[in-house]
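**Q** My questions will all concern the structure given below.
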Amino acid sequence: SSYRELCDKFKLSIGAVSNIIKRKREYISDYEINHNKNVKRKISHDFSQRINESVYEWFVSQRTKKIPVSGPILQAYARQIAKELDDASTFKASNGWLERFRVRYNINFRVISGEGASVDQNIADDWKSRLLTILQDFSPADIYNCDETSLFYKLMPNRSLVIDKDDCIGKKKSKERFTVLLCANWLGTHKLKPIVIGKAARPRCFKNLDLKKLPIVWHNNRTA
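Below, the structure written as structure tokens:
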């Protein structure tokens, strides 16, 4: 087409048409770059949407079974889904993604169940005063504290991400546990090996292991 035909067709001046033709390679290059960006952006959006939908479907199924789902668990599952969709995916399921996911699907973080206990504060305060008097004759490095605790290694979390208005009813808790005794001096410069008490004298997981080389002291008791 002649310049005059282009001017008439697009309602442009001769100078404008001439300038466009001179810079046509530049305009074509800009179009291709932006077009590719838009395509990539759409692909990325579609990929994220598939992850979100799969994760939400799984989340709902877990909560239907009354299984607690924490933020890190949800993020780990999202990364797993991303890998299944695209093995080369660099999707990280960041904390920002988790927050956007939570807001998008109206998910909150609540306590599912729990136990509480209270202590007479007056008795506690009195013991603190007596203890300071006892300890003042000892060096901090020579003062040790030990405490017994239980490790419920099959216990599910007592907090979960939940859909708004979820009844937050939990499942029966696993009672399987180890009893653990932890001890260290006041300064934290000397920590004794934790004493761990289980039911089996030699659990199958300890097969072929030298118990003396473990980072714990193992004992067994049927009522542990």
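Residue numbering for the sequence shown follows our numbering, starting at 839 and increasing by one per position. Virtual Cβ for every residue (Gly too), placed ideally from N, Cα, C.
Run the CB neighbour count on R938, radius 10 Å, all protein chains shown included, and call it buried at 16 or more, exposed below.
**A** exposed
**Q** Under a three-way DSSP split, which group does Y894 fall into?
**A** helix
**Q** Where does G1036 fall in DSSP's three states?
**A** DSSP places G1036 in strand when its eight states are reduced to three.
**Q** Go ahead and pull the three-state DSSP assignment for T987.
**A** strand
**Q** Only counting the same chain, and skipping five residues up and downstream in sequence, which positions put a Cβ closer than 7 Å to that of P995?
**A** P906, S908
**Q** Mind checking whether D989 and R1015 have CB atoms under 8 Å apart?
**A** The question names Asp, but residue 989 in the sequence shown is Leu. Yes.
**Q** Quick check on the burial criterion: 16 or more other C-beta atoms within 10 angstroms. Buried or exposed for I889?
**A** Taking a 10 Å sphere around the C-beta of I889, we find 16 or more other C-beta atoms and assign the residue as buried.
**Q** Return helix, strand or coil for A1068, following the three-state DSSP convention.
**A** Residue 1068 lies beyond the range of the chain shown here (839 to 1062); nothing can be said about it.
**Q** So, under 8 Å CB-CB, C1021 and C984 are touching, yes? Tell me the CB distance rounded to an integer number of Å.
**A** 4 Å
**Q** Just to confirm the assignment, what range does the alpha helix (DSSP H) spanning R1015 have?
**A** R1015 -> no alpha helix (DSSP H), and no H or E assigned at all.
**Q** Can you grab the Cα-Cα spacing for the pair S886 / S1012, in whole Å?
**A** 36 Å
**Q** Using the rule of at least 16 other Cβ atoms within 10 Å of the residue's Cβ for burial, across every protein chain shown, is A955 buried or exposed?
**A** With a pLDDT of 46 at A955, under the threshold of 50, the predicted position of this residue should be treated as unreliable, and no value is reported.
**Q** What does DSSP give as the partner residue(s) for Y982 in the beta ladder?
**A** N1023
**Q** According to DSSP, is R863 part of a helix, a strand, or is it coil?
**A** Under the three-state reduction of DSSP output, R863 falls in the helix class.
**Q** Tell me where the alpha helix (DSSP H) around N933 begins and ends.
**A** 933-942
**Q** Buried or exposed: F947, going by 16 or more other Cβ atoms within 10 Å of its Cβ?
**A** exposed
**Q** Take I1035 as the anchor and find which of N1046, K1029, T1017 has the nearest alpha-carbon.
**A** T1017
**Q** Beta carbon of E986, beta carbon of L1019: below 8 Å?
**A** yes
**Q** Going by DSSP, what residues sit across from V1055 in a beta bridge?
**A** V1055 pairs with I1033.
**Q** Ordered along the chain, which non-local residues of its own chain (more than five positions away) have a Cβ less than 7 Å from that of L912?
**A** V893, F897, L936, L999
**Q** With burial defined as no fewer than 16 other Cβ atoms inside 10 Å of the residue's Cβ, what is the status of P1041: buried or exposed?
**A** exposed
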